[in-house]
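Each residue of the sequence shown is one higher than the last, beginning at 1 in the UniProt record's numbering.
The beta carbon of each residue, even a glycine, is placed where N, CA and C say it ideally should be.
As the structure is a prediction and not an experimental result, all values here were calculated from the model.
The structure appears right after this line, and notes come after that.
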Amino acid sequence: MKINLPINQTEYRVDPKQPIVTRTDLKGIITYANPAFIALSGFTEAELIGHSHNVVRHPDMPPEAFADLWETLKAGSPWQGIVKNRAKDGGFYWVDAYVTPVTENGQTIGYMSVRNAPSPQQIAEAERLYAAIRNKQAKMPSTLTRARRLPSFARRMWGASLLCGLLAGGANFWLDRMGLAWLSWIAGGMLGMLPVLWLLPQLTRTLNEVSAGFINLAEGKLNMPVRQSWHCALGDVQVRLESMRIYQKAVVADVITEAQANSASAEMLNANLGQLVQCFHAQNVMLAEMAAQLDSVGSSVKEIVAVSDAMSHEAEHTRERVAEGDVTMLDISSSSRNTLDAMTHSCASMQALRQTVARIQEMSALIDDIAGQTNLLALNASIEAARAGEHGRGFSVVADEVRKLAERTVSSNQSIQDTLQAIHSHVFEAFGRTEKAMGTVEHSQQAIGHFSQGLNNIRDAAEHALQQARALLGFTSQQSEATQDVVVHLNEVFASLERNEQTAVDLQQQAGRLSQSSLSLNKLLGHFRIA
1 MKINLPINQT EYRVDPKQPI VTRTDLKGII TYANPAFIAL SGFTEAELIG
51 HSHNVVRHPD MPPEAFADLW ETLKAGSPWQ GIVKNRAKDG GFYWVDAYVT
101 PVTENGQTIG YMSVRNAPSP QQIAEAERLY AAIRNKQAKM PSTLTRARRL
151 PSFARRMWGA SLLCGLLAGG ANFWLDRMGL AWLSWIAGGM LGMLPVLWLL
201 PQLTRTLNEV SAGFINLAEG KLNMPVRQSW HCALGDVQVR LESMRIYQKA
251 VVADVITEAQ ANSASAEMLN ANLGQLVQCF HAQNVMLAEM AAQLDSVGSS
301 VKEIVAVSDA MSHEAEHTRE RVAEGDVTML DISSSSRNTL DAMTHSCASM
351 QALRQTVARI QEMSALIDDI AGQTNLLALN ASIEAARAGE HGRGFSVVAD
401 EVRKLAERTV SSNQSIQDTL QAIHSHVFEA FGRTEKAMGT VEHSQQAIGH
451 FSQGLNNIRD AAEHALQQAR ALLGFTSQQS EATQDVVVHL NEVFASLERN
501 EQTAVDLQQQ AGRLSQSSLS LNKLLGHFRI A
């Protein structure tokens, strides 16, 4: 025998209102387990279905009890007894087990076990019996033997008939000796009725019990057991009726459990659907607001597209104006360079003129010296002519003319020097102004260069701005299209959410009807008494 370990002293109890039910095949392999059994045993459904039923067998149960169970079931009879089962965690629970064959077309195809909560007295008696059996101090009572010991209608009828026959024979013998043979017929008839009169109350009481059992089933009183009191066809009726009661009790208990669970689920579903409807409604409102906002965004994007297009045109216009300014600045720069070159040549010419004036001044000084010397020579000649007297008069005239010429030369030379000095001053002033002008022109040239560079920078910036404006225009155009697509999809989602909201409302109404049906089913099942 399989020994399931470990075990502990944790006790679990069967809910009187929730019998545990299992079905097995002919080899004891579990094919069905109701939720109450799964919860109480601690095993999962996967750990039970397809496995032997002895997975819940407790080591305290003697093998003789299960031997009696299988002997009874194979004989086609139901078995009932108090059983100690082991939970998955090693704990235990006591059950009042009723195991019956399951037939189909007259053939046994498996077994069904319905277990209820036993009374404390039943548990105490079972513990004493199983302890005695384990200690070899007692034997397991045979269910089949106990059933055979029940009274049989046929045996009682034959026994009573035999007794009445003997009494009738004795009565006939004494009546014949007493000369009252005619009374033997009356006595025989009366004695023949005695078995029927004796068994009729027992039969009537049994039939009343069976009738009461059917009435209890009809009234839903599934907590009223039917006891087997005969070992005959009438006893089979009692056994089948009890099997029917227990089976219906198990089915109704499972239906009640499922109905209660369905009722709770229906209420929860109704509440959840109510919240879902509210969520759908809130989402619809939010989507409507979002669609309005996106529509506004779409308008803004269109405005941005228009502004971007205008910016693009302005950037293009700026680039063209900068290109024109660049050409103009190139012309100005070229003219400035030509002016600077001309002024440079002018400065060189004035410098040469200054040098020429300086040489002329030098020559004028030389002439002035020569004129002075000439004047001195003329004066000396005049003196010598005066000394010569008449002979020196002609020479004196010449000397006087030479002196006058020297004086005029000095005077003219002075004028020339004054003129040269004026020329030199004007040339020097012109040279200084020309140098300043050259500095200004050079500064202007540099400014023109900087301005040209600035124009180049402006041109580059304008080109970049144009590219950015075109990119922005393309992006905003795409964004506008995307926004329109989003609005279209949002409208589709909005319509879908409206349909979902209506579906949720319909489901909520159906859940409400399901809840009402569950309440009606609970009221209907309240007619049954299973505990």
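How far does the alpha helix (DSSP H) with T72 in it reach, from first residue to last? For the purposes of this step, residue 72 is taken as residue 72 along the sequence shown, with counting starting at 1. Where T72 is concerned, the enclosing alpha helix (DSSP H) stretches over 63 to 74.
What residue range does the beta strand (DSSP E) around A97 cover? Locating residue 97 in the sequence shown gives position 97, where the first residue counts as 1. First-last of the beta strand (DSSP E) with A97: 92 to 104.
Are the stretch 5 to 17 and the stretch 90 to 101 touching by the rule of at least three beta carbon pairs closer than 8 Å? yes
Tell me which residue opens and which closes the beta strand (DSSP E) that Q107 is part of. Here residue 107 refers to the residue found at position 107 when the sequence shown is read from its first residue. Segment 107 to 116, the beta strand (DSSP E) holding Q107.
Can you tell me which of A348, R387, S382, E407 puts its alpha carbon nearest to the alpha carbon of D369? The count along the sequence shown starts at 1 and reaches residue 369 at position 369. It is E407 whose Cα lies nearest to the Cα of D369.
Looking at V99 and R129, is the spacing between their C-beta atoms short of 8 Å? By 1-based counting over the sequence shown, the position of residue 129 is 129. By 1-based counting over the sequence shown, the position of residue 99 is 99. The amino acid occupying residue 129 in the given sequence is Leu; Arg does not appear at that position. Contact: no.
Nearest by alpha-carbon distance to E104: which of S119, I30, K84, D25 is it? Counting from 1 along the sequence shown, the entry for residue 104 is found at position 104. Nearest C-alpha to E104: D25.
Please list the terminal residues of the continuous alpha helix (DSSP H) segment that includes I133. Here residue 133 corresponds to residue number 133 of the sequence shown, with the count starting at 1. Taken as a continuous stretch (DSSP letters only), the alpha helix (DSSP H) holding I133 covers 120 to 134.
A117 vs V14 beta-carbon contact at 8 Å: As a working note, residue 117 is residue 117 in the sequence shown. As a working note, residue 14 is residue 14 in the sequence shown. Yes.
Could you tell me which of K84, P19, H51, H443 sits nearest to F66, measuring between CA atoms? In the sequence shown, the residue the question calls residue 66 occupies position 66. Answer by Cα proximity: K84.
Tell me the residue span of the alpha helix (DSSP H) that contains I38. One-based indexing of the sequence shown puts residue 38 at position 38. Looking at the DSSP string, the run of the alpha helix (DSSP H) that includes I38 is 35 to 41.
Any idea what DSSP makes of K221, helix, strand or coil? Within the sequence shown, the letter at position 221 stands for residue 221. Strand.
Measuring CB to CB, does V95 end up less than 8 Å from I246? For the purposes of this step, residue 95 is identified with residue 95 of the sequence shown, where counting begins at 1. For the purposes of this step, residue 246 is identified with residue 246 of the sequence shown, where counting begins at 1. Contact flag unset, no.
Integer Cβ distance of G81 from A97, believed to fall under 8 Å: Looking up residue 81 in the sequence shown gives position 81. Looking up residue 97 in the sequence shown gives position 97. Between A97 and G81 the Cβ distance is about 6 Å, and since that is below 8 Å, they are a contact.
Applying the 10 Å Cβ sphere with the 16-neighbour rule, what's the burial state of P101? Residue numbering aside, residue 101 sits at position 101 when the sequence shown is read from its first letter. Classification for P101: buried.
DSSP state of residue 562 mapped onto helix, strand, coil: Any question about residue 562 goes unanswered here, given that the chain covers just 1 to 531.
By Cβ distance, which residues of its chain are closer than 6 Å to T108, with the 5 residues on each side in sequence left out? Numbered from 1 along the sequence shown, position 108 holds the residue referred to as residue 108. Closer than 6 Å at the Cβ level, and outside the excluded window around T108, lie P101.
For I423 and F372, the rounded distance between their alpha carbons: One-based indexing of the sequence shown puts residue 372 at position 372. One-based indexing of the sequence shown puts residue 423 at position 423. Looking at the sequence provided, one finds Gly at residue 372 rather than Phe. For G372 and I423, the distance between alpha carbons rounds to 25 Å.
Hey, could you find the ends of the beta strand (DSSP E) R23 is sitting in? Start at 1 with the first residue of the sequence shown, and residue 23 comes out as number 23. Run containing R23: 20 to 24, per the beta strand (DSSP E) assignment.
Would you mind giving the Cβ-Cβ distance between A36 and Q18, rounded to the nearest angstrom? I have them listed as a contact below 8 Å. Taking the sequence shown and counting its residues from 1, the one referred to as residue 36 is at position 36. Taking the sequence shown and counting its residues from 1, the one referred to as residue 18 is at position 18. With 8 Å as the limit, A36 and Q18 qualify as a contact, their Cβ atoms being about 4 Å apart.
Counterpart residues of R57 in DSSP-defined beta bridges: Your numbering for residue 57 matches position 57 in the sequence shown. DSSP output for R57 lists N85 as bridge partner(s).
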